[in-house]
Amino acid sequence: MKPPSCDLILSSGFLCFSSHAGAAAALEGRVKPEAYVGTSSGAIAAAMLAAGLSSAEIRRELGAQRPVKLFRPSVRPWSGPVGTRALVRRLRDILPATFAELDSPLAVGVYDVDDRTRSPLLLTNGDLPLAVAASCAVPFIFQPVQIGGRRFADGGRVDRTCVEAWRRWRPGRKAVVELVSKRDDGEYGPRDGFDGESSFDLLELRTARANASFFSLGDFDGEVERARAAVGAQLDAVQRGPQWVEVEVR
155 MKPPSCDLIL SSGFLCFSSH AGAAAALEGR VKPEAYVGTS SGAIAAAMLA
205 AGLSSAEIRR ELGAQRPVKL FRPSVRPWSG PVGTRALVRR LRDILPATFA
255 ELDSPLAVGV YDVDDRTRSP LLLTNGDLPL AVAASCAVPF IFQPVQIGGR
305 RFADGGRVDR TCVEAWRRWR PGRKAVVELV SKRDDGEYGP RDGFDGESSF
355 DLLELRTARA NASFFSLGDF DGEVERARAA VGAQLDAVQR GPQWVEVEVR
């Protein structure tokens, strides 16, 4: 069967790099993403996918080092004890310099820390590593990232998937949503099989949260394989028929 065309949305998840790497491996060749959205840790994986990296390359890069290696004290600790300069440098090693240089359209989820509405926003152009770092800037840990005179932080704080912002950015499109979740009860998915012709616009696939910390990625390879197997099984179930039900993705 020809892989269905859709967008791919990767949710936030605290240091859930193994979850995203496993999902990327399971989806490779089975769906054909036309654009990508990522928030927080999902922004890094989505940016790599949009840059044309394979799932094997993404797995290697995301599992390359402990997160603490990218920690540097902030020059303004009152706005966050950890700066993002080391993270930006690392991202410049593996990503293109700008959104315009990507193979596919990409949006990363952030929010403006000076906007009291805390509305989720998508960054879609300009300096790519800086935007991805902003999406990863967890409040109270990382200093917000300044872009164009505005201060942005981790969009997962206000919307883990930024689905509504995606709908405004890509109206009328369908998407697969990888949602990192503690719950795994099988109650997820679309109302119809994912064949590119059914009426739903979101297919939610769940991966488990990673057991990672700033000081260790834990059983990274084992968690990648578990996420790959879980997403693969969910895709198989979708193709068998309409037995899944639609749920809230926020």
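Start counting at 1 in the sequence shown, then tack on 154, and there's your number in the working numbering.
Note that the Cβ used here is the ideal one computed from N, Cα and C, for glycine as well.
At least one CB of chain D closer than 7 Å to the CB of residue i: is that the case?
i: Leu359; result: No chain D appears in this structure, which consists of one protein chain only.
Give the straight-line distance between the Cα atoms of residue i and residue j, rounded to the nearest whole angstrom.
i: Cys170; j: Ser195; result: 6 Å
i: Leu164; j: Ala175; result: 11 Å
i: Ala261; j: Glu188; result: 12 Å
i: Val191; j: Phe369; result: 27 Å
i: Ala204; j: Val385; result: 20 Å
i: Ala218; j: Ser367; result: 14 Å
i: Gly206; j: Phe294; result: 33 Å
i: Val267; j: Val299; result: 10 Å
i: Val392; j: Arg305; result: 41 Å
i: Arg322; j: Val378; result: 32 Å
i: Pro325; j: Phe253; result: 20 Å
i: Leu357; j: Asp161; result: 10 Å
i: Ile301; j: Asp355; result: 32 Å
i: Asp281; j: Val292; result: 19 Å
i: Arg327; j: Ala199; result: 21 Å
i: Phe374; j: Asn279; result: 31 Å
i: Arg184; j: Asp247; result: 29 Å
If you drop the 5 nearest sequence neighbours on each side, which residues of the same chain put their C-beta closer than 7 Å to that of residue i?
i: Arg272; result: Tyr265, Val312
i: Pro274; result: Gly263, Tyr265, Gly309, Val312, Asp313, Cys316, Ala319
i: Arg220; result: Phe369, Ser370, Leu371
Buried or exposed: residue i, going by 16 or more other Cβ atoms within 10 Å of its Cβ?
i: Gly237; result: buried
i: Ala201; result: buried
i: Gln297; result: buried
i: Pro283; result: buried
i: Gly376; result: exposed
i: Lys186; result: exposed
i: Arg270; result: exposed
i: Ser166; result: buried
i: Val242; result: buried
i: Val222; result: exposed
i: Gly340; result: Low local confidence applies: a pLDDT of 43 at Gly340 is under 50, so the model's placement there is unreliable, and no value is given.
i: Val399; result: Because Val399 carries a pLDDT of 38, less than 50, the predicted location of this residue cannot be relied on, and no value is offered for it.
i: Arg213; result: buried
i: Ala307; result: buried
i: Ala387; result: exposed
Assuming residue i and residue j form a contact by the criterion Cβ under 8 Å, report the distance between their Cβ atoms to the nearest whole angstrom.
i: Val330; j: Thr315; result: Actually they are not in contact, since the Cβ atoms of Val330 and Thr315 sit about 11 Å apart, beyond 8 Å.
i: Val286; j: Leu249; result: 7 Å
i: Gly309; j: Ser289; result: 6 Å
i: Leu276; j: Arg244; result: The pair is not a contact, with the Cβ atoms about 23 Å apart (cut-off 8 Å).
i: Leu333; j: Arg360; result: 5 Å
If I measure Cβ to Cβ from residue i and keep anything under 6 Å in the same chain, skipping five residues before and after, which residues do I get?
i: Arg382; result: Gly176, Ala179, Ala180
i: Ser159; result: Lys186, Glu188
i: Asn365; result: Gly372
Exercise for review: Return the chain-ordered ranges of every alpha helix (DSSP H) run that is complete within the stretch 215-279 and spans a minimum of 4 residues.
Suggested key: 239-248
Check your understanding: What are the complete beta strand (DSSP E) segments, minimum 3 residues, inside the stretch 287-347?
Key -> 299-301, 304-308, 329-335
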